[in-house]
Amino acid sequence: MDKFSILVKIYRIIIIALLLLTITHVVFNSVEKSITFGISLIAFSVFYYLLIKTRSVKLFSWVFCIAIYIAIIFYSLQRSGIVAPGLHWMMIIVLLSSILLNRKAVIFWIVIITFSLIGIYLFEDVLVFGVIGNQNWWHIVSISGLLIVGIYFVNIYQKETLRINNKLIQLNNELKTQSSLLSQQAETISQQYDEIKKSHIELQGANDLLKEKREKIGVVLKALYQISKEEDVHEGNLQEVRNLIVDYVKNFLKLDRVTFWVYDYSKEKLILDDSYDNIESQRYLKEVRKSDHNEYFDFLMNNEFLNANDVKNNPILFNLKKNHISDYEYKSLLDCPIMSYGKLKGVICCESMAKRHWLDEEILLLKSLADAYVIAIKAAQRKDANERLIKKQLEIAELNSNLESMVYERTRKIQDMNKKLTRYAFINAHKIRGPLCRLLGLQILIEMDNQLHPEEIKKHMLDGLNELDEVTKMASKILEDDEFSIRD
Numbered sequence: 001m002d003k004f005s006i007l008v009k010i011y012r013i014i015i016i017a018l019l020l021l022t023i024t025h026v027v028f029n030s031v032e033k034s035i036t037f038g039i040s041l042i043a044f045s046v047f048y049y050l051l052i053k054t055r056s057v058k059l060f061s062w063v064f065c066i067a068i069y070i071a072i073i074f075y076s077l078q079r080s081g082i083v084a085p086g087l088h089w090m091m092i093i094v095l096l097s098s099i100l101l102n103r104k105a106v107i108f109w110i111v112i113i114t115f116s117l118i119g120i121y122l123f124e125d126v127l128v129f130g131v132i133g134n135q136n137w138w139h140i141v142s143i144s145g146l147l148i149v150g151i152y153f154v155n156i157y158q159k160e161t162l163r164i165n166n167k168l169i170q171l172n173n174e175l176k177t178q179s180s181l182l183s184q185q186a187e188t189i190s191q192q193y194d195e196i197k198k199s200h201i202e203l204q205g206a207n208d209l210l211k212e213k214r215e216k217i218g219v220v221l222k223a224l225y226q227i228s229k230e231e232d233v234h235e236g237n238l239q240e241v242r243n244l245i246v247d248y249v250k251n252f253l254k255l256d257r258v259t260f261w262v263y264d265y266s267k268e269k270l271i272l273d274d275s276y277d278n279i280e281s282q283r284y285l286k287e288v289r290k291s292d293h294n295e296y297f298d299f300l301m302n303n304e305f306l307n308a309n310d311v312k313n314n315p316i317l318f319n320l321k322k323n324h325i326s327d328y329e330y331k332s333l334l335d336c337p338i339m340s341y342g343k344l345k346g347v348i349c350c351e352s353m354a355k356r357h358w359l360d361e362e363i364l365l366l367k368s369l370a371d372a373y374v375i376a377i378k379a380a381q382r383k384d385a386n387e388r389l390i391k392k393q394l395e396i397a398e399l400n401s402n403l404e405s406m407v408y409e410r411t412r413k414i415q416d417m418n419k420k421l422t423r424y425a426f427i428n429a430h431k432i433r434g435p436l437c438r439l440l441g442l443q444i445l446i447e448m449d450n451q452l453h454p455e456e457i458k459k460h461m462l463d464g465l466n467e468l469d470e471v472t473k474m475a476s477k478i479l480e481d482d483e484f485s486i487r488d
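Each residue of the sequence shown is one higher than the one before, counting from 1 in my numbering.
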């Protein structure tokens, strides 16, 4: 109920009524009543203005009720007291209080009006200061006016009730619409809750998987850190490295069986390194020939790993183990080839008796260990090359030492030969020259003097020849000392 609009209408009606009464009494030269109604008109106009400005319904409802109460009391005391024709207008105050104010205000005005009527009745002789003669006409006018006002208020009440009912219907429809929307929203929220719950479960699963991956990554890093510190890897001790790789994979990945296969280029086959494998059953392969399983070898050469979550249904492994598949107890297998410069060096094989989905972290561990084995192979090659280089260096050093001794001995012999040749040259130059000169001189004497005695000539010739023979023997002896010859 819009109390403000009702109060504004009431003030307007009162102002119009006072204006008409003032004009009427001015026309009929009733100065006293004209002044009374004029003052009342001004007062209610001021109240109306303040009501519009402040919109204080409660305050100006009380002002209106008090003003009406005073006016009715004053009118009744002026018009024969308890039988005054306007006294029954008191009920308007109660009606307005019920409409514009609250229950306490209604009770208050009922009490005030009751005591006022009792007081007027008991002290009528004292309080009443005016009496009119025939009051029938005034009663008719008063009751008619009260009836009109009552009808007006009933009409207002009905309109307000109708408005409120329409408003309630509208609000009820809106409430139904909102209820329907809320129901839909509740259903949507329920679906969203289910989706959120599902997402939460998936997120929890993802978190668990992430936690597992972190743990696996930690295991991988720990394994790589430990194997990176192993001296056998850097020294190229291949058998020890193979044993280390098998132990690391089996312990860190919690596998049932891990095997290491070495590729033999001369025989073109993979050979099981069974130095650590205690399984003696004949149903397990000990070697795999390339000529018998080209498809398997081609796959290893062109892929980083062979992931077989289901061994029996894997086409690559079916041909490989077709003679053993019925007795093969492992359900999942992971093979990681070891490649170096595009050549197959071996295979790390992981086997699980239960079906297992191989994680990326597990595959990463195998690939890293395969790389570690390649490092060990290169270290072994460097070690072998260093050993051969050291052996060659020792041989060269020994050869250089022998060559130095030979050069020294040959130099010494050459020096001795030079000395002997010097003595030989001296003998040729001095020792042999003397006998030859005497022989040549004897020949010249024979040619110049034919009178020389033959025996004397013969004697001189024999002496020269003997001396020449002695010198020649001396030279030969020099050349033959210490078994030295020009050929050496």
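Even for Gly, the Cβ is constructed at its ideal location relative to N, Cα and C.
Whether residue i touches residue j by CB criterion (8 Å)
{"i": "W261", "j": "L253", "result": "no"}
{"i": "L366", "j": "C350", "result": "yes"}
{"i": "K250", "j": "V258", "result": "yes"}
{"i": "F37", "j": "T22", "result": "yes"}
{"i": "L369", "j": "K216", "result": "no"}
{"i": "L50", "j": "V8", "result": "no"}
{"i": "E235", "j": "A379", "result": "yes"}
{"i": "I377", "j": "S405", "result": "no"}
{"i": "L20", "j": "S40", "result": "no"}
{"i": "L317", "j": "L300", "result": "no"}
{"i": "F74", "j": "I10", "result": "no"}
{"i": "K345", "j": "Y248", "result": "no"}
{"i": "E361", "j": "K213", "result": "yes"}
Residue i, buried or exposed, once every other Cβ within 10 Å from all chains shown has been counted against 16
{"i": "M353", "result": "exposed"}
{"i": "F297", "result": "buried"}
{"i": "H293", "result": "buried"}
{"i": "E295", "result": "exposed"}
{"i": "I114", "result": "Note that residue 114 is Thr in the sequence shown here, rather than Ile. With fewer than 16 other Cβ atoms within 10 Å, it is exposed."}
{"i": "L96", "result": "buried"}
{"i": "L70", "result": "For clarity, residue 70 is Ile in the given sequence; the question names Leu instead. Label assigned to I70: exposed."}
{"i": "V31", "result": "exposed"}
{"i": "L399", "result": "exposed"}
{"i": "I66", "result": "exposed"}
{"i": "I120", "result": "buried"}
{"i": "A223", "result": "buried"}
{"i": "V220", "result": "buried"}
{"i": "E409", "result": "exposed"}
{"i": "E387", "result": "exposed"}
{"i": "I13", "result": "exposed"}
Same chain, Cβ closer than 6 Å to residue i, five either side skipped, listed in chain order
{"i": "D335", "result": "L306, V347, C349"}
{"i": "S291", "result": "none"}
{"i": "K197", "result": "none"}
{"i": "A372", "result": "I227, V233"}
{"i": "E280", "result": "Reliability fails at E280, whose pLDDT of 49 lies under 50, so the model's placement of it is uncertain and the value that follows must be treated cautiously. The answer is none, since no qualifying residue turns up."}
{"i": "R289", "result": "K269"}
{"i": "D273", "result": "R242, F260, V262"}
Host beta strand (DSSP E) of residue i (start-end)
{"i": "N307", "result": "306-308"}
{"i": "S56", "result": "Unbroken run through S56: none, as it is neither H nor E."}
{"i": "K269", "result": "269-272"}
{"i": "W358", "result": "No beta strand (DSSP E) holds W358; DSSP gives it neither H nor E."}
{"i": "W261", "result": "257-264"}
{"i": "V347", "result": "343-352"}
{"i": "E230", "result": "Unbroken run through E230: none, as it is neither H nor E."}
{"i": "S30", "result": "Note, S30: premise wrong, no beta strand (DSSP E); not H, not E."}
Neighbourhood of residue i by C-beta distance below 7 Å, restricted to the same chain and skipping five residues each side
{"i": "E231", "result": "none"}
{"i": "N314", "result": "A308"}
{"i": "H25", "result": "K33, S34, F37"}
{"i": "Q184", "result": "none"}
{"i": "I72", "result": "G86, L87, W89, M90"}
{"i": "L244", "result": "I227, E230, D232"}
Cβ distance (whole Å) where residue i is taken to contact residue j below 8 Å
{"i": "I92", "j": "I6", "result": "Contact doesn't hold; Cβ gap of about 13 Å is too wide."}
{"i": "S275", "j": "Q226", "result": "That pair is no contact at about 21 Å."}
{"i": "K331", "j": "D310", "result": "7 Å"}
{"i": "V111", "j": "V94", "result": "The Cβ separation is near 11 Å, so there is no contact."}
Same chain only: Cβ atoms within 8 Å of residue i, ignoring 5 sequence neighbours per side
{"i": "K3", "result": "V57, S61, I99, L100"}
{"i": "V241", "result": "E230, D232, V233, A372, Y373, A376"}
{"i": "L171", "result": "none"}
{"i": "E489", "result": "This structure does not reach residue 489, given that the chain is present from 1 up to 488, and the question cannot be answered."}
{"i": "I15", "result": "L41, F44, S45, Y48"}
Unbroken alpha helix (DSSP H) run spanning residue i, endpoints
{"i": "K3", "result": "3-27"}
{"i": "V246", "result": "238-253"}
{"i": "D298", "result": "294-302"}
{"i": "V111", "result": "103-122"}
{"i": "L96", "result": "90-100"}
{"i": "V311", "result": "Premise fails: V311 is in no alpha helix (DSSP H) and is neither H nor E."}
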